[in-house]
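A.B. asks: What follows is a single structure, and I will ask about it in a moment.
Residue numbers (my numbering): 1 to 113.
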């Protein structure tokens, strides 16, 4: 069984497509009760037999998924790919995809209902 943490609280959690991983999500989401509304990330096993020739065996991987559904797909990226993506987020290159204040308020209201 894996876990899920938001930096404050840790609970048992199993993503069926990637069993045993220890998932993390933003501390801006609550875990008690688990509020399922976030992208989750975990360190994944090193690549072995990856279909891309650009990902040699032994490459450290990161898994991303959606915590609303424990059976949702899990996407795997190299740590280099994730680092470049995070750099773009931090630089504001993806700000157009951020939720508006109204969308955040609606999501909070739906989670409580």
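Note that CB positions come from ideal geometry on N, CA and C, so glycine has one too.
Everything numeric in this text was worked out from a predicted model, so none of it was measured.
#1: For residue 62, write down the residues that DSSP places opposite it in a beta bridge.
#2: Suppose the cutoff is 7 angstroms on Cβ atoms and the five residues either side in sequence are ignored; what does the same chain contact list for residue 43 look like?
#3: Return the first residue and the last residue of the beta strand (DSSP E) that residue 12 is part of.
#4: What does DSSP give as the partner residues of residue 4 in its beta bridges?
#5: For residue 38, which residues from the same chain have a beta carbon less than 7 angstroms from its beta carbon, with the 5 sequence-adjacent residues on both sides left out?
#6: Leaving aside the five residues before and after residue 55 along the sequence, list all residues of the same chain whose C-beta is less than 7 angstroms from its C-beta, in chain order.
#7: Where does residue 92 sit, in a helix, a strand or coil, going by DSSP?
#8: Rounded to whole angstroms, what is the Cα-Cα separation between residue 6 and residue 51?
#9: With a 10 Å radius around its C-beta and 16 neighbouring C-beta atoms as the bar for buried, classify residue 15 as buried or exposed.
C.D. replies: Looking at the coordinates:
#1: 43 and 77
#2: 62
#3: 10 to 13
#4: 11 and 23
#5: 25, 26, 29 and 67
#6: 47 and 78
#7: coil
#8: 32 angstroms
#9: buried
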